[in-house]
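This report concerns only the one structure given below.
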Amino acid sequence: MLRVDVQKQLGDFLLSAAFESQGRVTGLFGASGAGKTSLVNMIAGLLRPDRGTISIDGDTLDDTAKGVHVPAYRRHIGYVFQDARLFPHLNVLQNLDYGRRMNSLPDDPAQRKRVTELLDIGHLLNRRPGKLSGGERQRVALGRALLSKPRLLLLDEPLGSLDEGRRAEILPYLVRLRDEARIPMVYVSHDAAEMRQLATQIVMLRKGSVTSSGGVRVLATD
Amino acid sequence: MLDISPTEWTAIQLSLRVAIVATLVATPFGVALAWLLARREFWGKSVVDALVHLPLVLPPVVTGYLLLLTFGRRGAIGAFLADHLGIVFAFRWTGAALACGVMGFPLLVRPIRLSIEAVDRKLEQAAATLGAPPWRVFFSVTLPLSLSGVLSGMVLGFAKAIGEFGATITFVSNIPGETQTISSAIYSLIQTPDGDAAALRLVVVSIVIAVAALIGSEWFARRATQRLHGN
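Residue numbers (the working numbering), protein chains in the order written: chain A, 10 to 231; chain B, 785 to 1015.
Here you go:
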């Protein structure tokens, strides 16, 4: 279970959010500028809260009162960015393998096969990211995060940079991922329709604060 | 056409050896410093930045004299290195390499720093979320993506090293076969009656080396841009 209770001053914007996530997919919902990305960056360890705590399954990742801040590379939290961020100098296979190498995990061809099949990227393995379409890039980024064996997966508007058609193309993969991969996810979006399809629990964020949280039904009240 | 005499060959070979050693030894320091300047904020950063560029703006004879004072046989560092490690710089080709390395250092650091700054920090963040500690992020993402900048810095540093004159002759003098590089050989030849033809031959050789270095540098810079765009 992920517990977040943090405050962070960002310019003249105060992000002050507390929530617990239990479900398989926690949807972090709010308009752009609500502080969703900053919140997710704090969970990933890329941004340090001014005050507060973050813990996952009882394991403290941030506790400003005790001076605890686990660096991003020791958190085992996967992150799929809106802009994919594939390594341009590595091909798809090397990108997928990166997390495994950095964590010194043994080679696991069976797992790699499962993930490449789940995401339909087996035919892209020898390509460079520069030669991929936006949707393919996002699927590879998803696979890369999954193969680093994270205990939590953060997805920050992974469909945000794609057009309508591409979104419809990726969404089923995310649904499959939710139902098959058994990794808890935090899914960030400002699209209510996406949320209804994917999320099992919603945290609503407005101007840096959590306004409501609960089942997917809270989307209707907004 | 170019009838190069053995003495001239010695100077050319010495120049190449001095410049290659200077560049290879300076590069790891240059990369480390470039990374610090590009990616870290620390106290005294502007002073360090100024110090790196100092050999570019100081008269070379001043740099050479400062090297003589510090790395000479009686200099603070020179005496220590000679007594404890047996490394002598004064009036040796190694001293010429040191002088060339110092003079070429600003030119070496600059392109490396620029290419490290051009590496998208978001990629480094992505690497961290995949479990890479900072030093592995550097070797697996930052360095490969700025490699062409490193190579282009090395070419510029090499070109500077091979043409260095003022600091070298001040620090290690002009001893044929030991510290007489192409530049100091040309200088000696110009002072000698009938030395013009030999001097001109060495001039042609230095022009060829300099042009080759510049073309190489351009080529690496182009590669860097391509690499960052993922082709």
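C-beta: ideal position from N, C-alpha, C; glycine also. Keep in mind that this is a model prediction, so the values were computed, not measured.
Using a C-beta cutoff of 7 Å, does residue i count as contacting chain A?
i, result
"T1024(B)", "Limits of chain B in this structure are 785 at one end and 1015 at the other, which puts residue 1024(B) out of reach."
"R920(B)", "yes"
"P844(B)", "no"
"T965(B)", "no"
"W1003(B)", "no"
"T765(B)", "The structure shown does not extend to residue 765(B), since chain B is modelled only from 785 through 1015, so no value can be given for it."
"N1015(B)", "In this prediction, N1015(B) has a pLDDT of 49, which is less than 50 and means its spatial position is unreliable; what the coordinates show is noted afterwards. Output row for N1015(B): interface = yes."
Here's the rule: buried if 16 or more other CB atoms are within 10 angstroms of the residue's CB, otherwise exposed. What is residue i?
i, result
"Q787(B)", "Position check: residue 787(B) holds Asp in this sequence, whereas Gln was assumed. When all chains shown are included, D787(B) counts as exposed."
"N1015(B)", "Reliability fails at N1015(B), whose pLDDT of 49 lies under 50, so the model's placement of it is uncertain and the value that follows must be treated cautiously. The residue in question, N1015(B), is exposed, as its Cβ has fewer than 16 Cβ neighbours within 10 Å."
"S967(B)", "buried"
"H98(A)", "buried"
"E145(A)", "buried"
"I130(A)", "buried"
"F922(B)", "buried"
"E203(A)", "buried"
"V77(A)", "exposed"
Taking C-beta pairs closer than 7 Å, name the residues in chain B that residue i reaches, listed in chain order.
i, result
"R94(A)", "K906, L907 and A910"
"L162(A)", "The premise fails here: L162(A) is roughly 10 Å from chain B at the closest Cβ pair, so nothing lies under 7 Å."
"M111(A)", "L914, G915, A916 and R920"
Check whether the Cβ of residue i lies closer than 7 Å to any Cβ atom in chain B.
i, result
"G143(A)", "no"
"Y107(A)", "yes"
"H199(A)", "no"
"L133(A)", "no"
"L55(A)", "yes"
"S157(A)", "yes"
"N104(A)", "no"
"A81(A)", "yes"
"M194(A)", "no"
"G20(A)", "no"
Rounded to the nearest angstrom, how far is the Cβ of residue i from that of residue j, given a contact under 8 Å?
i, j, result
"V89(A)", "A150(A)", "5 Å"
"I158(A)", "L114(A)", "For the sequence presented, residue 158(A) should be read as Lys rather than Ile. Between L114(A) and K158(A) the Cβ distance is about 7 Å, and since that is below 8 Å, they are a contact."
"T807(B)", "G888(B)", "7 Å"
"S64(A)", "H199(A)", "That pair is no contact at about 27 Å."
"L929(B)", "V903(B)", "5 Å"
"E962(B)", "W877(B)", "6 Å"
"R205(A)", "V225(A)", "6 Å"
"L907(B)", "F96(A)", "6 Å"
"S170(A)", "Q91(A)", "6 Å"
"F875(B)", "G862(B)", "Contact flag wrong, Cβ pair sits at about 11 Å."
"G54(A)", "R94(A)", "Actually they are not in contact, since the Cβ atoms of G54(A) and R94(A) sit about 16 Å apart, beyond 8 Å."
"A910(B)", "S924(B)", "Contact flag wrong, Cβ pair sits at about 11 Å."
"V836(B)", "L817(B)", "7 Å"
Is it the case that the Cβ atoms of residue i and residue j are separated by a distance below 7 Å?
i, j, result
"L207(A)", "V34(A)", "yes"
"G954(B)", "G848(B)", "Sequence check: residue 954(B) is Thr here, not Gly. Cβ atoms of T954(B) and G848(B): closer than 7 Å."
"A795(B)", "A969(B)", "yes"
"D128(A)", "R109(A)", "For the record, residue 128(A) in the displayed sequence is Leu; it is not Asp. In this structure, R109(A) does not lie closer than 7 Å to L128(A) by Cβ."
"G223(A)", "S25(A)", "no"
"G941(B)", "I896(B)", "no"
"M51(A)", "Q31(A)", "no"
"K17(A)", "D59(A)", "yes"
"V212(A)", "E166(A)", "no"
"K944(B)", "L891(B)", "yes"
"I900(B)", "W819(B)", "yes"
"V956(B)", "A881(B)", "no"
"P844(B)", "G950(B)", "yes"
"L973(B)", "G979(B)", "yes"
"R215(A)", "G87(A)", "no"
"M111(A)", "G915(B)", "yes"
Going along chain A in order, which residues have a C-beta closer than 8 Å to the C-beta of residue i?
i, result
"L935(B)", "What L935(B) touches in chain A: nothing, since even the nearest Cβ is about 14 Å away."
Which chain B residues are close to residue i, counting only those with a beta carbon under 8 Å from its beta carbon?
i, result
"I65(A)", "Chain B residues near I65(A): none, gap ~14 Å exceeds 8 Å."
"R153(A)", "L914"
"F90(A)", "K906 and A910"
Less than 6 Å separating the Cβ of residue i from some heavy atom of the ligand HEM?
i, result
"H868(B)", "Among the ligands in the structure shown, none appear at all, so the ligand HEM cannot be discussed."
Residue i touches chain B at which residues, Cβ-Cβ below 9 Å?
i, result
"H85(A)", "G915"
Is any beta-carbon of chain E found at less than 7 Å from that of residue i?
i, result
"L850(B)", "Protein chains A and B are contained in the structure displayed, whereas chain E is not."
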